[in-house]
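Protein chains in written order, with the working numbering: chain A, 6 to 235; chain B, 8 to 109. All C-beta atoms, glycine included, are put in the ideal place defined by N, C-alpha and C. Take a look at the structure below.
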Amino acid sequence: MSGPAAPGDRRAVVRDSLGVGLATGAYGVSFGAVSVASGLSVAQTCALSLLMFTGASQFALVGVLASGGSAASAGATALLLGTRNALYGLRLAPLLGWRGLRRVGAAHLLIDESTAMSVGRTTRADARTGFLVTGLAVFVLWNLFTLLGAVGGAVLEDPRDLGLDAAVGAAFLALLWPRLDDALHRLVAVAAAGVALGLVPLAPAGVPVLAAAGVALLAGLLRPRSGATP
Amino acid sequence: MSAIWTAVLLASVGCYLLKLAGLSVPTSVLERPVVARVAGLLPVALLAALVGVQAVGDGSGLVIDARAAGLGVAVVLLLVRAPFLVVVAGAAAAAAVLRVLV
Chain A
6 MSGPAAPGDR
16 RAVVRDSLGV
26 GLATGAYGVS
36 FGAVSVASGL
46 SVAQTCALSL
56 LMFTGASQFA
66 LVGVLASGGS
76 AASAGATALL
86 LGTRNALYGL
96 RLAPLLGWRG
106 LRRVGAAHLL
116 IDESTAMSVG
126 RTTRADARTG
136 FLVTGLAVFV
146 LWNLFTLLGA
156 VGGAVLEDPR
166 DLGLDAAVGA
176 AFLALLWPRL
186 DDALHRLVAV
196 AAAGVALGLV
206 PLAPAGVPVL
216 AAAGVALLAG
226 LLRPRSGATP
Chain B
8 MSAIWTAVLL
18 ASVGCYLLKL
28 AGLSVPTSVL
38 ERPVVARVAG
48 LLPVALLAAL
58 VGVQAVGDGS
68 GLVIDARAAG
78 LGVAVVLLLV
88 RAPFLVVVAG
98 AAAAAAVLRV
108 LV
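Below, the structure written as structure tokens:
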């Protein structure tokens with residue numbers, strides 16, 4: 006991705022946004038393959054990309070199911086991960102300035118990437134362009150590549166032969182990696198993984214991951230002055 | 008309707024409502040510092056827990072197998088700033104090769 010576009014340089018905003026959309030959309034293929042490897046049908050996999058449309062939550066839902074967790078704990082984990090989108094919305098609402106039906110439609114495109122390509126813009130027009138172009142590009146490509154990955158994964162006899170079970174953990178790590186940029190986040194990550202692994206032998210599958218959310222709660226309450234940003 | 012379909016649809020509706028709420032509620036409601044901090048740390052905690060459980064969790068026990076090796080490869084690829092797809096594919100390939108060899 007090139008540097009931030011000068012204000013009003015609409016073509017540069019569109020170009021950068023399409024680049025991010027392509028790069029992000031393409032990894033829908035890994036979601037599609039991992040999802041059917043986790044036991045979801047092609048239709049369920051595509052429904053997730055169409056309707057949930059927030060990658061980390063989608064990976065979480067299929068990941069918890071793959072590890073034997075209940076549908077309820079899988080859904081709850083996906084929802085907890087989805088809370089960060091609400092924070093993105095709070096930040097973007099004044100910048101985008103959409104009301105009514107436009108806001109209802111725009112909300113579906115509110116994800117990590119559309120936020121990142123919109124939040125730094127100095128004008129409303131640029132912010133809207135970055136948000137819409139990124140959001141729509143990711144949406145179209147993410148769904149196309151999900152279908153590709155799901156259909157490809159569905160023809161495999163045993164997804165483990167291709168190491169798709171190992172791909173799930175790697176996907177979560179790649180999503181986590183950019184967030185490990187400060188000491189508190191690293192501490193929370195290590196503690197949360199420790200809590201979850203400690204609970205694996207004791208609690209039903211799915212519960213250890215949910216319980217790890219308690220680490221975030223505790224750290225957020227105990228460290229009032231930390232500079233954690235969503 | 009199966010439990011998985013129910014989870015897919017309900018969680019999808021919930022995730023959408025969270026997005027819409029962020030764009031709709033007055034900033035003051037959710038922008039209390041504690042709420043913002045906890046919400047910022049939630050993805051870190053959940054993703055880290057998911058990494059751990061996916062890599063070494065096995066039903067009600069922990070086991071080191073090809074998945075952990077795949078995760079090790081993912082760490083190396085992330086350290087050299089490989090793109091997402093390369094990281095995921097590299098981890099899968101490492102686990103697959105290991106299973107053939109061992």
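7 Å CB neighbourhood of residue i in its chain, flanking five on each side removed
i	result
V212 (chain A)	S78, L204
R106 (chain B)	A73
S7 (chain A)	Bear in mind that the predicted position of S7 (chain A) carries a pLDDT of just 44, short of 50, making it unreliable; the figure below should be weighed with that in mind. The residues are D21.
A76 (chain B)	A101, A102, L105
L25 (chain B)	none
S231 (chain A)	In this prediction, S231 (chain A) has a pLDDT of 47, which is less than 50 and means its spatial position is unreliable; nothing more can be read from the coordinates.
V220 (chain A)	V193, A196, A197, V200
L178 (chain A)	none
Whole-angstrom distance between residue j and residue i, CA atom to CA atom
i	j	result
D131 (chain A)	S72 (chain A)	43 Å
T13 (chain B)	Y23 (chain B)	15 Å
R44 (chain B)	L30 (chain B)	19 Å
R96 (chain A)	A112 (chain A)	13 Å
V80 (chain B)	G135 (chain A)	34 Å
G47 (chain B)	L167 (chain A)	34 Å
A18 (chain B)	G68 (chain A)	14 Å
S123 (chain A)	I71 (chain B)	42 Å
R165 (chain A)	L108 (chain B)	14 Å
A198 (chain A)	A208 (chain A)	15 Å
W147 (chain A)	A89 (chain B)	20 Å
L101 (chain A)	G33 (chain A)	27 Å
V82 (chain B)	A218 (chain A)	23 Å
S67 (chain B)	A201 (chain A)	12 Å
V195 (chain A)	V25 (chain A)	30 Å
L53 (chain B)	G105 (chain A)	33 Å
T50 (chain A)	A155 (chain A)	7 Å
A17 (chain A)	R126 (chain A)	12 Å
A10 (chain B)	A76 (chain A)	6 Å
G225 (chain A)	T29 (chain A)	30 Å
L152 (chain A)	A61 (chain A)	17 Å
V41 (chain B)	R89 (chain A)	14 Å
L69 (chain B)	L85 (chain A)	25 Å
R15 (chain A)	V15 (chain B)	37 Å
R191 (chain A)	A216 (chain A)	18 Å
P206 (chain A)	P99 (chain A)	47 Å
P183 (chain A)	L222 (chain A)	20 Å
R39 (chain B)	L161 (chain A)	48 Å
S46 (chain A)	Q63 (chain A)	14 Å
L228 (chain A)	A121 (chain A)	Looking at the sequence shown, residue 228 (chain A) is not Leu but Arg. So the two alpha carbons sit approximately 26 Å from each other.
Residues that residue i bridges to, as DSSP identifies them
i	result
G68 (chain B)	B:D65
Residue from the options whose Cα sits closest to the Cα of residue i
i	options	result
V214 (chain A)	B:V60, B:I11, B:A102	B:V60
V63 (chain B)	A:G219, A:V173, A:W182, A:A17	A:V173
L86 (chain B)	A:V25, A:G219, A:L185, A:V195	A:L185
G87 (chain A)	B:S67, B:P50, B:V42, B:L78	B:P50
A159 (chain A)	A:Y32, A:G44, A:A31	A:G44
A28 (chain B)	A:L23, A:A91, A:L141	A:A91
R107 (chain A)	A:R228, A:R133, A:V47, A:Y93	A:R133
Y93 (chain A)	A:Q63, A:A38, A:E162, A:T59	A:T59
A56 (chain B)	A:R228, A:P206, A:L181	A:L181
V32 (chain B)	A:A48, A:Q63, A:A121, A:V109	A:V109
L78 (chain B)	B:V20, B:V58, B:F91	B:V58
Residue span of the alpha helix (DSSP H) that contains residue i, given as start and end
i	result
V200 (chain A)	188 to 204
G74 (chain A)	Counting along the chain, G74 (chain A) falls outside any alpha helix (DSSP H), and DSSP gives it neither H nor E.
Y32 (chain A)	It is not in any alpha helix (DSSP H) - Y32 (chain A) carries neither H nor E in the DSSP assignment.
R107 (chain A)	105 to 113
P213 (chain A)	212 to 227
I11 (chain B)	10 to 31
G174 (chain A)	169 to 181
R129 (chain A)	129 to 159
G77 (chain B)	73 to 86
V107 (chain B)	91 to 108
D117 (chain A)	117 to 124
T59 (chain A)	Counting along the chain, T59 (chain A) falls outside any alpha helix (DSSP H), and DSSP gives it neither H nor E.
A52 (chain A)	47 to 52
8 Å CB neighbourhood of residue i in its chain, flanking five on each side removed
i	result
L84 (chain B)	V93, V94, G97, A98
L66 (chain A)	L53, M57, A79, G80, T82, A83
G170 (chain A)	Correcting the residue type first, residue 170 (chain A) is Asp in the shown sequence and not Gly. Counting only Cβ-Cβ distances below 8 Å, and skipping sequence neighbours, we find A42, A71, P164.
L55 (chain A)	N148
G157 (chain A)	V34, G37, A38
Same chain, Cβ closer than 6 Å to residue i, neighbours up to 5 away in sequence not counted
i	result
G140 (chain A)	L114, S119
V138 (chain A)	V19, S22
V143 (chain A)	G26, T29, G30, E118
G74 (chain A)	A210, G211
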